[in-house]
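Asks: For the record, the sequence lines run as chains A and B.
Residues 1 to 256 (my numbering) are what the first sequence spells out, left to right.
Residues 1001 to 1794 (my numbering) are what the second sequence spells out, left to right.
Glycine is no exception: its CB is placed at the ideal position from the N, C-alpha and C atoms.
To start, I am sharing the structure in question, which I have written as structure tokens.
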Amino acid sequence: MNSLVVKDLCKTYIVNKRQNHVLRNVNMEVKEGEMVAVMGPSGSGKSTLLYTVSGMDHVTAGKVDFFGRDISKMKPGEMSDLRLDEMGFIFQQMYMLKNLSIYDNIILPAYQSKNGRGKEKRQEINERAKGLMHKLGISEIAENDINEVSGGQLQRACICRSLINRPKMIFADEPTGALNQQNSKEVMKELNRINREGTTVMLVTHDMKVAAKSDRVLYIEDGNIKGEYGFGKYTAQEEARERERKLSNWLMEMGW
Amino acid sequence: MFFRILKKDLKRKKTMNFILLVFIILAAMFLASSVNNLIAINGAVDHFMEISKVPDFFVVSLSDGKNDAVDEYLKEDKYLSEYQILDAFDISNNQISIEESAQNPDNRKYERSGILYLGTIPDNFLKVFCSDGSELHLKSGEIALNQSEAESNQLEVGDKVKIKIGEVEQEFTVVSILKDMVFGNEMIGTKRHVICKEDFEKYQEQENLIYNRIYCMNYKDGNENAFMKQWRKQGFGLIISIEREAVKTCYVVDMLVAGVFIVVSICLILIAFLVLRFTIVFTLQEDYKEIGIMKAIGMRDMGIKGIYLVKYLMISLAGAGVGFCCSFPFGNMLLKQAIVNIVVEKADQNVAVNLLCSVIIIFIILLFCYGSTNKLKKFSAMDAIRNGSNGERYQIKNCLKLWKRNRMKPYFYMAANDILSGFKRFFILAATFCIGTMLILLPLSAVSTLKSNSLISMFSYSPSDVYMDNGKLNSYIQQENMDMLLRDMEEIEDKLAENGLKGKTGADVIYMVPCYAENPEEIYTYNTFQAVGSWDRHYTLLEGREPELENELIITDITAKEMGVSIGDSIYFRTKDGEQEYIITGTYQSMINMGKGFRVSRSAVMDYGYASLLFCIQVEIEEMESKEACEKLKEIFPEDRIWMANEFVDSMIGGIAEQLDTMMVFIVGIVLMINSLITVLMMKTIMTKERGDIALLKSIGFRNNAVRKWQSIRIVIVLAISIMAGTVLSKVLAPVTIAPIFAMMGGNKIELVINPLEAYVIYPLLLLAVTGVSAFFCAGAVKKVDLKEVNNIE
């Protein structure tokens, strides 16, 4: 089954009374359990594509099916519920509410969800959050404020938050863009693991090393997908270099 | 470029600049009008006393106009520079009637409150003026009415009244409403209507009339004490005896209303400046990035400062200009409320004051702006580009733990946590709400106290179910007929019994008897109360016990202090029959006659010739609530005036409670407006800073409504905390702000009354509802926050 089916997607911004066509008839699919990376030059429409297919931005024309439901026709409230319960988001900057501890930031979406009401359900959420933090190796920073931890720890906390409601799909916009090499590696390791556990991932990146760990790479230019490159599942560190080399060659063909 | 940046800024921050403009307008308007009023009111009472020619000392005594002992004495007195007698008639309800007209189609009856005199236009002392302050001239058939009497009887210029004295009845057309320094003041308890000399003489042509003669006296310089010493020895039977300074004190209630308005104005000015400072600082913080870029491209600090100084100069010029213009009608409206009975010296003197206040506002704004922009110097271009951050990190305290809240909604938790972890951010909001709550609760406690049934005991009365005026109260005094009073009271009881009611009646006769304590040369004349009638009642004392024996009395604490006596000491009453000694058995407080007076026992033998006043007959009905008893008595005695305790007090202090009610409506309106404005301003500014957070919440699946609730609940929590703080502070401040006003009137140990329903439920709920709704509407702007703005998070 497809997680995401995009048909003839267009997105136009009007700036100073002039139309700016950012996405032009984009067609794409993301299969369930797949990890897809979107690459392209600056201003090509990568982030717009991610925000539009995840319902964070309105569609100008076309259709976006998320697990069989057309999100372009959903009301804002329904869209909010979908983002809360079925989607997870990771941003380039580690956005968290500064008045809340790391732990409270992580459990916040779960407490807000309809499935997070009542003492028992909240206990269950707390156990799940602790489990996730343990898996991602950030248990010790639970009660810290967001400015007391490193960027890598904070991004992993953001991943925990995105996973807390057991989403069907995760959207990540340059998840390693603000991290150093070591932290990037750790974050990607977690994303790969999550993906292996069954969660579909769609990410936007500039980084070949990150893209090479995806199952498939889409190349976007001038608001349209120019090509795609499939690797299959990334399983071991050893194959990383080879995948990067192949991707590099392909990207050069695409005009990167 | 300079003006392009400015134009863009004014456009971009439309709402914030608009609210700032509104506050500058309010600040200028309130500052200008309240300073003006302060100056006007301060001088108005003195000026009015001057033009009214209030004598150094004046008394009122009953006389037939022939054998006048007071007149004889004054003719011979060597300490006075001048004196004059003003004759007046005491008019009861059945002597004055309103003519049936279009305004009075139901032929309503005239109802006086307190004592009502009919006199002529005075030419020397105690002068009266038209409502516009001009001199009064009357022709035959014309009458000028006391203001509160006209209002309470719904009489206007053009209406007709008939007045019958003895056998002569004349019809008058109302041509003016009076401004009368002494008899226009509610605290004096005596009112005066005025007619021309010819019409007055028509009444005087009759024989055997009783006059209320007003003796106005001016001392020769430095002879005040000598005169008073001799005067007090005479022991004349007087109804009223007032010194010039006491008249000024009577204006304390008028000053109270004015004072409350001034306090409101000052609080509003404070709020306006707080908001102003906040807005300037916030705007600068918001513009750090632009400032950084300007610095980076080489603009000088003074150049950058100039942008803000010009911006705020423009806003403050516009705001102060509008405020200056609005201050005239607004100031006049306030002044009109504050000095209803006073002739103000000049109305056009305030342009310079208003202009000066407006200039001060502009100056302070620019000073604030200059001070706030000083911060710019401290930041490097890069610091500013990084939104004012210089790399230093501050720990934010996460006070509440979400995971510990098993039932709390996340938006409620976030609201509470924001307040607990950064209350400073909401300080201005909280301070404004707190001041607003106090602005409502402090005057409310004055209004509640004035309206409470318990206040009657402060007027030297024992609380009863009903207070009535049968239209004959002054005849009992004028005709020196105590038997008639007792007989009429028995008749009332009989009539009650006929109607199946078990009731007892009582009255408090007020005597004016000269007296002294230790030194027979130091004579005082105070109100002396004596209870008569079948109703055996008790009075609230401060110390000691009630007088029981015929030679016992209780004394007000103010009188005791003035005479230098205490419980156990003696007071000597001096009458024409000799001296009687009274032993003080207790002290009490009273708001009659500025807190001065005595109360003798029921068995004391008093000379009825010294009786000067009788305000009402009290009726106590067995097993019946006051309200029900009043309704019943109104049915049984349809011709008489029937009051409950609070209505009776209100009639004595002349509708002050009503005046304060109007003031309360005004204050509540202003507070609600300020609360709403400041809520909108603060929410706009906070939401501007939190756009990233809002976008984040929306991106992770919070619905607009939940984000909206987070934003507005925060305001409601701050408001609730502020209301509680304001309530506590009001309770603490009431004894030092409101109680002294009552103390000036004699109630120096008064217990302020709080109506819990009004103070703790109705007004707080009103504040919560209106401000909460404003907050909720303002929070509707979260809808406009684009999810992509998550990238603006700081």
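Using C-beta distances below 7 angstroms, list every residue in its chain close to B:Met1594, excluding the 5 sequence neighbours before and after it, in chain order.
Replies: Residue numbering aside, residue 1594 of chain B sits at position 594 when the second sequence is read from its first letter. Excluding residues within five positions, the ones whose Cβ falls inside 7 angstroms are Ala1246, Thr1249, Met1745 and Gly1746.
Asks: Please state if the CB of B:Phe1236 and the CB of B:Ala1088 are separated by a distance shorter than 8 angstroms.
Replies: Position 88 of the second sequence, counting from 1, holds the residue named residue 1088 of chain B. Position 236 of the second sequence, counting from 1, holds the residue named residue 1236 of chain B. Taking 8 angstroms as the Cβ cut-off, B:Ala1088 and B:Phe1236 do not qualify as a contacting pair.
Asks: Which stretch, first to last residue, makes up the alpha helix (DSSP H) that contains B:Leu1541?
Replies: What you label residue 1541 of chain B is simply residue 541 of the second sequence in a count that begins at 1. Per DSSP, B:Leu1541 belongs to no alpha helix (DSSP H) and is neither H nor E.
Asks: Kindly say whether B:Ser1712, judged by its beta-carbon, lies nearer than 8 angstroms to any beta-carbon of chain A.
Replies: By 1-based counting over the second sequence, the position of residue 1712 of chain B is 712. No, B:Ser1712 lies away from the interface with chain A (no Cβ there is under 8 angstroms from its Cβ).
Asks: Starting from the C-beta of B:Lys1784, find all residues in its chain whose C-beta is less than 8 angstroms away, skip the five residues before and the five after it, and write them out in chain order.
Replies: The count along the second sequence starts at 1 and reaches residue 1784 of chain B at position 784. Here the set comprises nothing.
Asks: Would you kindly report the start and end of the unbroken alpha helix (DSSP H) that includes B:Glu1076?
Replies: To locate residue 1076 of chain B, count along the second sequence from 1; it is residue 76. Residues Ala1069 to Glu1076.
Asks: What three-state label does DSSP hand B:Trp1535 in the structure shown?
Replies: Your numbering for residue 1535 of chain B matches position 535 in the second sequence. The answer is coil: DSSP assigns B:Trp1535 none of H, G, I, E or B.
Asks: So is B:Val1790 in contact with chain A if we call contact Cβ pairs under 8 angstroms?
Replies: The residue labelled residue 1790 of chain B in the question sits at position 790 within the second sequence. Interface residue, yes.
Asks: Using a Cβ-Cβ distance under 8 angstroms, would B:Leu1441 count as near chain A?
Replies: For the purposes of this step, residue 1441 of chain B is taken as the residue at position 441 of the second sequence. Not an interface residue.
Asks: Going by beta carbon distance, what residues of the same chain come within less than 7 angstroms of A:Gln237, once the five residues before and after it are set aside?
Replies: Position 237 of the first sequence, counting from 1, holds the residue named residue 237 of chain A. Once the five neighbours on either side are set aside, A:Gln237 has no close Cβ partner at all.
Asks: In its own chain, which residues sit with a C-beta less than 7 angstroms from the C-beta of A:Gln93, not counting the 5 before and 5 after it?
Replies: Taking the first sequence and counting its residues from 1, the one referred to as residue 93 of chain A is at position 93. Ala178.
Asks: What residue range is occupied by the uninterrupted beta strand (DSSP E) comprising B:Gln1618?
Replies: Translated into positions along the second sequence, residue 1618 of chain B becomes position 618. Looking at the DSSP string, the run of the beta strand (DSSP E) that includes B:Gln1618 is Ala1611 to Ile1621.
Asks: Distance cutoff 8 angstroms, beta carbons only. Does A:Asp215 sit that close to anything in chain B?
Replies: If you number the first sequence from 1, residue 215 of chain A lands on position 215. Chain B, which has no Cβ nearer than 8 angstroms to the Cβ of A:Asp215, makes this no.
Asks: Tell me, please, which residues DSSP counts as bridged to A:Val38.
Replies: One-based indexing of the first sequence puts residue 38 of chain A at position 38. The partner list for A:Val38 (beta bridge, DSSP) reads A:Val204 and A:Leu218.
Asks: Which of the three DSSP states is assigned to A:Arg156 in this structure?
Replies: Counting from one through the first sequence, the residue named residue 156 of chain A turns up at place 156. The answer is helix: DSSP assigns A:Arg156 an H, G or I state.
Asks: Could you tell me which residues DSSP pairs with B:Leu1145 in its beta bridges?
Replies: Residue mapping note: residue 1145 of chain B aligns to position 145 of the second sequence, counting from 1. BP columns for B:Leu1145 point to B:Ile1177.
Asks: With a threshold of 8 angstroms between beta-carbons, can B:Phe1702 be considered close to chain A, or not?
Replies: The count along the second sequence starts at 1 and reaches residue 1702 of chain B at position 702. Answer yes: the Cβ-Cβ gap between B:Phe1702 and chain A drops below 8 angstroms somewhere.
Asks: Could you tell me which of B:Ser1176, B:Tyr1760 and B:Phe1777 sits nearest to B:Ser1816, measuring between CA atoms?
Replies: Here chain B has residues from 1001 to 1794 only, and residue 1816 of chain B is not among them.
Asks: Who pairs with B:Glu1169 in a beta bridge, going by DSSP?
Replies: Here residue 1169 of chain B refers to the residue found at position 169 when the second sequence is read from its first residue. Answer is B:Lys1164.
Asks: Using only the alpha-carbon positions, how far apart do A:Trp256 and A:Gly40 sit?
Replies: Looking up residue 256 of chain A in the first sequence gives position 256. Looking up residue 40 of chain A in the first sequence gives position 40. Spanning the two alpha carbons is a distance of roughly 7 angstroms.
Asks: How many Å lie between B:Val1466 and B:Glu1620 at the Cα?
Replies: Within the second sequence, numbered from 1, the residue matching residue 1466 of chain B stands at position 466. Within the second sequence, numbered from 1, the residue matching residue 1620 of chain B stands at position 620. Cα to Cα, the separation comes out at about 6 angstroms.
Asks: Is the Cβ of A:Met56 closer than 8 angstroms to any Cβ of chain B?
Replies: Along the first sequence, read from residue 1 onward, the residue named residue 56 of chain A stands at position 56. Yes, contact with chain B.
Asks: Can you tell me where the beta strand (DSSP E) with B:Asp1132 in it begins and where it stops?
Replies: By 1-based counting over the second sequence, the position of residue 1132 of chain B is 132. Taken as a continuous stretch (DSSP letters only), B:Asp1132 belongs to no beta strand (DSSP E), as it is neither H nor E.
Asks: Hey, is B:Ser1358's beta-carbon within less than 8 angstroms of any beta-carbon in chain A?
Replies: To locate residue 1358 of chain B, count along the second sequence from 1; it is residue 358. So, not an interface residue.
Asks: List, in chain order, every chain A residue whose beta-carbon is nearer than 9 angstroms to that of B:Ala1706.
Replies: Taking the second sequence and counting its residues from 1, the one referred to as residue 1706 of chain B is at position 706. The contacting residues are Ser80 and Gln112.
Asks: Using DSSP with H/G/I as helix, E/B as strand and the rest coil, what is B:Tyr1370?
Replies: Looking up residue 1370 of chain B in the second sequence gives position 370. Reduced to three states, the DSSP call for B:Tyr1370 is helix.
Asks: Within 10 angstroms of the Cβ of B:Pro1638, are there 16 or more other Cβ atoms? Answer buried if so, exposed if not.
Replies: The residue given as residue 1638 of chain B occupies position 638 in the second sequence. It counts as exposed.
Asks: Using alpha carbons as the reference points, say which of B:Cys1196, B:Glu1111 and B:Leu1118 lies closest to B:Leu1155.
Replies: Along the second sequence, read from residue 1 onward, the residue named residue 1155 of chain B stands at position 155. Answer by Cα proximity: B:Glu1111.
Asks: Rounded to the nearest angstrom, what separates B:Asp1221 and B:Leu1270 at their Cα positions?
Replies: Counting from one through the second sequence, the residue named residue 1221 of chain B turns up at place 221. Counting from one through the second sequence, the residue named residue 1270 of chain B turns up at place 270. Going from the Cα of B:Asp1221 to the Cα of B:Leu1270 covers about 47 angstroms.
Asks: Does DSSP put B:Pro1514 in a helix, in a strand, or in coil?
Replies: Here residue 1514 of chain B refers to the residue found at position 514 when the second sequence is read from its first residue. B:Pro1514 falls in the strand class under three-state DSSP.
Asks: Can you grab the Cα-Cα spacing for the pair A:Arg69 / B:Leu1400, in whole Å?
Replies: Residue 69 of chain A sits at position 69 when you count from the first residue of the first sequence. Residue 1400 of chain B sits at position 400 when you count from the first residue of the second sequence. Rounded to the nearest angstrom, the two C-alpha atoms are 39 angstroms apart.
Asks: At the 8 angstroms Cβ level, is B:Lys1401 part of the contact set with chain A, yes or no?
Replies: Your numbering for residue 1401 of chain B matches position 401 in the second sequence. Answer yes: the Cβ-Cβ gap between B:Lys1401 and chain A drops below 8 angstroms somewhere.
Asks: Under 8 angstroms between the Cβ atoms of B:Leu1429 and B:Val1707?
Replies: Within the second sequence, residue 1429 of chain B is the residue found at index 429, counting from 1. Within the second sequence, residue 1707 of chain B is the residue found at index 707, counting from 1. No, Cβ-Cβ distance for B:Leu1429 and B:Val1707 is not below 8 angstroms.
Asks: Does B:Ser1148 come within less than 8 angstroms of chain A when only Cβ atoms are used?
Replies: Counted from its first residue, the second sequence places residue 1148 of chain B at position 148. Cβ-Cβ to chain A under 8 angstroms: no for B:Ser1148.
Asks: Start and end of the beta strand (DSSP E) containing B:Asp1693?
Replies: Stepping through the second sequence from its first residue, residue 1693 of chain B is reached at position 693. Unbroken run through B:Asp1693 is the alpha helix (DSSP H), Arg1691 to Ser1699; no beta strand (DSSP E).
Asks: Assign A:Tyr95 to one of three DSSP states: helix, strand, or coil.
Replies: Here residue 95 of chain A corresponds to residue number 95 of the first sequence, with the count starting at 1. In this structure, A:Tyr95 counts as coil in the three-state DSSP scheme.
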